[in-house]
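Residue numbers (the UniProt record's numbering), protein chains in the order written: chain A, 1 to 186; chain B, 1 to 186. In this text, a Cβ means the ideal position worked out from N, Cα and C, and glycines have one as well.
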DNA sequence: TAGGTGATGTCAGTGTCTGACATCGCTTAA
DNA sequence: TTAAGCGATGTCAGACACTGACATCACCTA
């Protein structure tokens, strides 16, 4: 028999999302999360840098998806199109977990602190996109503008996707946002 | 003689920026800030919701500048142009306090927590811009995309302005970012 | 079989932030 | 003129987030 139950990190994530949903982020202490996961408070902080991070551990993979997709785009693809393609890949990943995304987003939008952390994660994605674009030969200015714009459109699309009914498609929301931008920027 | 020295809030802001610059945000306690301002820790929290907020109290006025400028733009101005004009007004405000902005930004960029708060403030500005655009007749989608895009460009422009030498002009950086976008979105 | 490794536990802090109540110059109304 | 109330501040106690130092002990490896 193993000394510890496996997947401590995952148990903490599950316990946290459950408790946050049940009684809210503020009203949940780390001791309670740890207890539900059968661990101690100190162990929580060995897996997550702070209380918020327990909700954002899964957002790291998206960075890889985005940069890979940018790198994989044909060399002659214009920057904004490469960004659009990358966001499409990310959209496919998220589309699969719509109900989880909804549940998680409900907790996040109910709390200012969590919103802050989400914005940081998106800014990190923007930075990653910009770096990937530069290594494809885009200028610093082009890369920054294309990446920031892409993430801005993603934010708008993500919000309308989650606000819409269950049949909505994130990729479609994204395409619609890009189309709107191209009209506005004409 | 008045019972208290005047401008407690301003004294706290000054003391905080000084201490953050001297020894860093993390290494400064609220008790120290309060003491330098001749007040107590409890009073600090009556003026600012949390430790970070002492650096962001001055960013609220920008919201008014932006929404006023959008409202003041001629009715036939396209959304993205109205946003550009509004950001120009904000740029003029910031251009006057370049040295203060630099000092403050040095503290902010040195600390992840503070970066988070700054992103939230920018998101609030984006929300305000979108609301102002909608009340001018823009659709929800147009307003969201134009506002988010405008703030994204502002972020890029602000970064390059602060990175450049003392002769740089924020409005020019902004125009350059918009020009880059219009090229990319062609 | 001895010793090292690594995830976890225990404990004692520091600092942020909050609620409850006290203080006391100043303002307002009788 | 005075009593009552207001409002910015102080005092105090405490919950909770987060950290450093050290202990534990199943498991692996030489």
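Within 10 Å of its beta-carbon, does residue i have 16 or more other beta-carbons around it, so buried, or fewer, so exposed?
{"i": "residue 118 (chain B)", "result": "buried"}
{"i": "residue 82 (chain A)", "result": "buried"}
{"i": "residue 72 (chain B)", "result": "exposed"}
{"i": "residue 75 (chain A)", "result": "exposed"}
{"i": "residue 112 (chain B)", "result": "exposed"}
{"i": "residue 161 (chain A)", "result": "buried"}
{"i": "residue 22 (chain B)", "result": "exposed"}
{"i": "residue 100 (chain A)", "result": "exposed"}
{"i": "residue 155 (chain A)", "result": "buried"}
{"i": "residue 92 (chain A)", "result": "exposed"}
{"i": "residue 187 (chain B)", "result": "Since the first residue of chain B shown is 1 and the last is 186, residue 187 (chain B) is not available in this structure."}
{"i": "residue 123 (chain B)", "result": "buried"}
{"i": "residue 163 (chain A)", "result": "exposed"}
{"i": "residue 177 (chain B)", "result": "buried"}
{"i": "residue 31 (chain A)", "result": "exposed"}
Could you tell me how far apart the beta carbons of residue i and residue j are, in whole angstroms, since I believe they sit closer than 8 Å?
{"i": "residue 56 (chain A)", "j": "residue 121 (chain A)", "result": "6 Å"}
{"i": "residue 114 (chain A)", "j": "residue 52 (chain A)", "result": "6 Å"}
{"i": "residue 8 (chain B)", "j": "residue 43 (chain B)", "result": "7 Å"}
{"i": "residue 17 (chain B)", "j": "residue 102 (chain B)", "result": "Actually they are not in contact, since the Cβ atoms of residue 17 (chain B) and residue 102 (chain B) sit about 12 Å apart, beyond 8 Å."}
{"i": "residue 148 (chain B)", "j": "residue 126 (chain B)", "result": "5 Å"}
When you compare the CB positions of residue i and residue j, do they come within less than 7 Å of one another, or not?
{"i": "residue 107 (chain B)", "j": "residue 86 (chain B)", "result": "no"}
{"i": "residue 58 (chain A)", "j": "residue 37 (chain A)", "result": "no"}
{"i": "residue 141 (chain A)", "j": "residue 80 (chain A)", "result": "no"}
{"i": "residue 20 (chain A)", "j": "residue 29 (chain A)", "result": "no"}
{"i": "residue 130 (chain B)", "j": "residue 144 (chain B)", "result": "yes"}
{"i": "residue 65 (chain A)", "j": "residue 90 (chain A)", "result": "yes"}
{"i": "residue 97 (chain B)", "j": "residue 185 (chain A)", "result": "no"}
{"i": "residue 88 (chain B)", "j": "residue 171 (chain B)", "result": "yes"}
{"i": "residue 157 (chain A)", "j": "residue 174 (chain A)", "result": "yes"}
{"i": "residue 63 (chain A)", "j": "residue 128 (chain A)", "result": "yes"}
{"i": "residue 54 (chain B)", "j": "residue 116 (chain B)", "result": "no"}
Which same chain residues end up closer than 7 Å to residue i when comparing Cβ atoms and leaving out the 5 residues on each side of it in sequence?
{"i": "residue 4 (chain A)", "result": "none"}
{"i": "residue 165 (chain B)", "result": "none"}
{"i": "residue 168 (chain A)", "result": "161"}
{"i": "residue 6 (chain B)", "result": "none"}
{"i": "residue 50 (chain A)", "result": "none"}
Who are the near neighbours of residue i in its chain, counting only those whose CB is closer than 8 Å to its CB and skipping five residues on each side?
{"i": "residue 254 (chain B)", "result": "Nothing in the structure corresponds to residue 254 (chain B), since chain B is present only between 1 and 186."}
{"i": "residue 26 (chain B)", "result": "111"}
{"i": "residue 33 (chain A)", "result": "12, 15, 16, 19, 44, 54"}
{"i": "residue 135 (chain B)", "result": "71"}
{"i": "residue 109 (chain B)", "result": "115"}
Got a sec? Which residues, its chain only, sit under 6 Å from residue i by beta carbon, not counting five neighbours each side?
{"i": "residue 138 (chain A)", "result": "79"}
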